[in-house]
Amino acid sequence: MLDIKFVRENPDIVKQNIKNKFQDSKLPLVDEAIELDKRNRAIKQEVEALRADRNKLSKQIGALMGQGKKDEAEQVKAQVKTQADRLDALSAEEKEVEEKLRKTMMVIPNIIDSSVPIGKDDSENVEIEKFGEPRVPDFEVPYHTDIMEKLNGIDLESARKVAGNGFYYLMGDIAVLHSSILAYARDFMVQRGFTYCIPPFMIRSDVVTGVMSFAEMDAMMYKIEGEDLYLIGTSEHSMIGKFIDTVNPEEKLPYTLTSYSPCFRKEKGAHGLEERGVYRIHQFEKQEMIVVCKPEESKEWFEKLWKNTVDLFRSLDIPVRTIECCSGDLADLKVKSIDVEAWSPRQKKYFEVGSCSNLGDAQARRLKIRVRGENGNYFAHTLNNTVVAPPRMLIAFLENNLNEDGSVNIPEALVPYIRKEKLTPDA
């Protein structure tokens, strides 16, 4: 959410930003917000003037009563009553105007970084850099669920009976591999100075609207019926929520946290063959990283965060590349975002396995996450990045470490966790 003062003083910049995001339908919101803000400030000025005048009149009433001028005192009392009625009406209007202004401001997109490429959607995202040499084996790589089934590692049919489409049972070595990857990712981030955390897996609505746009909320979140609780779509939601309505000493920043959680997402719509299996699902587990820092440090932390994911994937012999998200592919709260994509030998192309985002002070402004500095309080900057989400990571891992006989090599870094050097299909 933007600062209304910035919108008021820079309407053309805000409108151009909306155009750059190809959201022209939101252009009228800028003028609407400015008008609501104008009315809000006018109400406050009138309220302040009325209260000052009422104080003067109240003193007059006392003086007149002391002088025995009862009739004149009653006339002044009538004026006070009229002003009180006006104050009540203004207070009610003030609440209404402020709520309208808040809702309008929450729909206006955040200002994107000047380095973000302009484009309509993800088809216009820009490749930045490749890490590792993509390989295409001289044998056909099976679909990922076929690889898992040969290892007796997945049961989709039972999951459909129990929970429907978009769920799975992981079994045996694949389940152990899944947990091992999460444990390895946890230790990887702890060794880089991040504090490990397991957050609440449900959050209240004020946290939901603080960390994401209304559109994202509707598309992603599952609500608990009858309660003000939502299942988290990623641990970023509750991790950023941890700092709601806080004033943090500047000397304690940055906060660098890595968190584990299950994630729950609606994942609306139909998807192609390659997005079936465990690619696009309603429930999965993930290791996340978040940073709360001073504004001048957020660009530096952004670079560090996506590099952590690249380093982790490369340590497991998985080629990756980084993609700069264009303006039209950025969620409304994001200032800048880079996706990390892993190589798929089966598809002979890269696919998304993580996303790193700098949200500037948008989340902090919504959630009132402030920093106490020498010159007063200011809003922090927040960033987040996927360390690893094993369902998609499993696809990349299995395809890139698969042998022609159906066995799967275990990279050296992961051997201490899974305690095997190779996964082998049953004879």
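Residues in the sequence shown are numbered from 6 upward in steps of one, following the working numbering. We treat Cβ as the ideally placed atom computed from N, Cα and C, and that holds for glycine. The structure displayed is predicted, hence computed values, not measured ones.
Counting only the Cα atoms, ASN157 lies some 21 Å from GLY169.
Taking 8 Å as the cut-off, the Cβ atoms of ALA418 and LEU321 count as close. Residue range 341-349 is occupied by the beta strand (DSSP E) that includes ALA347, with no alpha helix (DSSP H) assigned at that position. Judged by beta-carbon spacing, ILE48 lies within the 8 Å limit of GLU98, meaning their Cβ atoms are closer than that value.
In this structure, the straight-line span from the alpha carbon of ARG56 to that of ILE18 is close to 38 Å. Nearest Cα to LEU364 within the set PRO114, VAL345, GLN88, GLY124: PRO114. Beyond the five residues adjoining it in sequence on each side, PRO430 comes within less than 6 Å, by CB distance, of LYS155, LEU156, GLY411 in the same chain, given in chain order. By the C-beta density criterion, ASP42 is buried, having at least 16 other C-beta atoms within 10 angstroms. In this structure, TRP306 places its C-beta atom within 8 Å of the C-beta atom of CYS298. Under DSSP, ASP160 takes part in a beta bridge, and its partners are TYR174. Collapsing the DSSP output to three states places ILE133 in a strand. Between ILE286 and GLU302, the beta carbon gap of about 35 Å keeps them out of contact (Cβ cut-off 8 Å). ILE415 and LYS166 have their alpha carbons spaced roughly 32 Å apart.
In the structure shown, THR429 adopts coil according to DSSP, grouped into three states. Its Cα nearest to that of THR314, the residue LYS291 stands out among LYS26, ARG270, LYS291. DSSP places PRO254 within a strand segment (E or B) once states are collapsed to three. If you draw a 10 Å sphere on the C-beta of TYR189, you find 16 or more other C-beta atoms in it, and that means buried. In this structure, PHE289 lies near PRO396, with their beta-carbon atoms less than 8 Å apart. Listed in chain order, the non-local C-beta contacts of ILE117 below 8 Å within the same chain comprise ASN22, ASN25, LYS26, SER332, LEU335, LYS339, VAL340, LYS341, local neighbours out to five positions each way being set aside. Contact between the region 136-153 and the region 343-361 is present, with at least three C-beta pairs closer than 8 Å. Under DSSP, HIS386 forms a beta bridge with CYS298. Annotated three-state conformation of ASN414 is strand, per DSSP.
GLU77 carries a helical assignment under DSSP once its states are collapsed to helix, strand and coil.
In the DSSP assignment, TYR265 forms a beta bridge with GLN292. VAL167 sits in a helix when the DSSP states are folded into three classes. Look at the beta carbons and you see the region 172-180 not touching the region 204-216: under three pairs across the two are nearer than 8 Å.
Following the DSSP letters along the chain, one finds TYR355 inside the beta strand (DSSP E) bounded by residues 354-363. Sequence-distant Cβ neighbours of GLU426 in its own chain, meaning closer than 8 Å and more than five residues away, are ASN414, ILE415, VAL420. Bounds of the alpha helix (DSSP H) holding GLY246 are 240-246. Here GLU103 carries a helix assignment [DSSP, helix/strand/coil]. In the DSSP annotation of this structure, the continuous segment of the beta strand (DSSP E) that includes GLY378 starts and ends at 374-378.
DSSP lists no bridge partner for ARG140. Per DSSP, reduced to three states, the secondary structure at MET207 is strand. Annotation for ARG13: the continuous alpha helix (DSSP H) segment containing it runs 9-14. When DSSP states are grouped into helix, strand and coil, ARG285 belongs to the coil group. The three-state secondary structure of TYR227, taken from DSSP, is strand.
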